[in-house]
Amino acid sequence: MAAPQVFTHVEHVAIAAGDPQRLAEWYCAVLGFHTRISMDNGPGCPRTYLVGLGAGPLIEILPAGPGNKVTLRANTEPGLVHVAILVSDFDAAQASLEAAGARAEGGERQAPLGARVRFYRDPEGNLFHILFRSAPLPNVP
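In the numbering used here, the protein residues as written are 1 to 141.
Dropping the structure here:
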């Protein structure tokens, strides 16, 4: 069964954070997001949307529920596990993250199509990686 042609693109991914303001500031200062859209979805549900990395999806940062803690998940566990951030200069991105104190998860990996990948954790322990591709994925606009 083919999906109806009403789905257009991923608008945002969400990260629940113990300190949403601090995490939003970190994503702006370290990863280069530059626009914050704040919304209040009702009592105790403020949201911050981060914009600024090309045409990619937004990142929504919202408060984690009381008593909830980040579970450090491995990249191969079931469910959503990481945010991939495309970079134009892998070495410069890596140096910038390390200068900002981002915690690396293992070393650099090589991937198909001349790709370079390295995983990091944000200040709340969420997994993300930087990705450089010397050639785009096939059939991706």
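Backbone N, C-alpha and C define an ideal beta-carbon position, used for all residues, glycine too.
Just so we're clear, the structure is a prediction, and the values are computed from it rather than from any experiment.
Review point. What is the DSSP secondary structure of Pro46, counted as helix, strand or coil?
Key: Here residue 46 refers to the residue found at position 46 when the sequence shown is read from its first residue. Pro46 sits in a strand when the DSSP states are folded into three classes.
Practice item. Starting from Pro138, follow the beta strand (DSSP E) in both directions and report where the run begins and ends. Key: As a position in the sequence shown, residue 138 is number 138, starting the count at 1. Note, Pro138: premise wrong, no beta strand (DSSP E); not H, not E.
Practice item. Report the residue from Arg109, Gly125, Glu124, Pro123 whose alpha carbon sits nearest the alpha carbon of Pro133. Key: Here residue 133 corresponds to residue number 133 of the sequence shown, with the count starting at 1. Per the sequence presented here, residue 133 reads as Arg, with Pro not at that position. That would be Arg109, whose Cα lies nearest to the Cα of Arg133.
Check your understanding: Does the beta-carbon of Phe33 have 16 or more other beta-carbons within 10 angstroms, so that it is buried, or is it exposed?
Key -> The residue labelled residue 33 in the question sits at position 33 within the sequence shown. Burial call: buried.
Practice item. Kindly identify the DSSP beta-bridge partner or partners of Met39. Key: Here the question's residue 39 lines up with position 39 in the sequence shown. According to DSSP, Met39 bridges with Arg47.
Review point. Can you tell me where the alpha helix (DSSP H) with Glu98 in it begins and where it stops?
Key: Within the sequence shown, numbered from 1, the residue matching residue 98 stands at position 98. In the DSSP assignment, Glu98 falls within the alpha helix (DSSP H) that extends over 90–99.
Review point. Checking contacts by CB at 8 Å: is Tyr120 closer than that to chain D?
Key: In the displayed structure, chain D is absent; only one protein chain is listed.
Check your understanding: Closest by CA to Thr76, which one among Pro4, Phe119, Tyr27, Ile85?
Key -> Stepping through the sequence shown from its first residue, residue 76 is reached at position 76. For Thr76, the nearest C-alpha among the options comes from Phe119.
Review point. Shortest alpha-carbon distance to His9 belongs to which of Ala99, Asn139, Gly56, Gly79?
Key: Here residue 9 is taken as the residue at index 9 of the sequence shown, counted from 1. Considering only alpha carbons, the answer is Gly56.
**Study point:** CB of Glu124 within 8 Å of CB of Gly54, strictly
**Key:** Here residue 124 refers to the residue found at position 124 of the sequence shown. Here residue 54 refers to the residue found at position 54 of the sequence shown. The Cβ atoms of Glu124 and Gly54 do not sit closer than 8 Å to each other.
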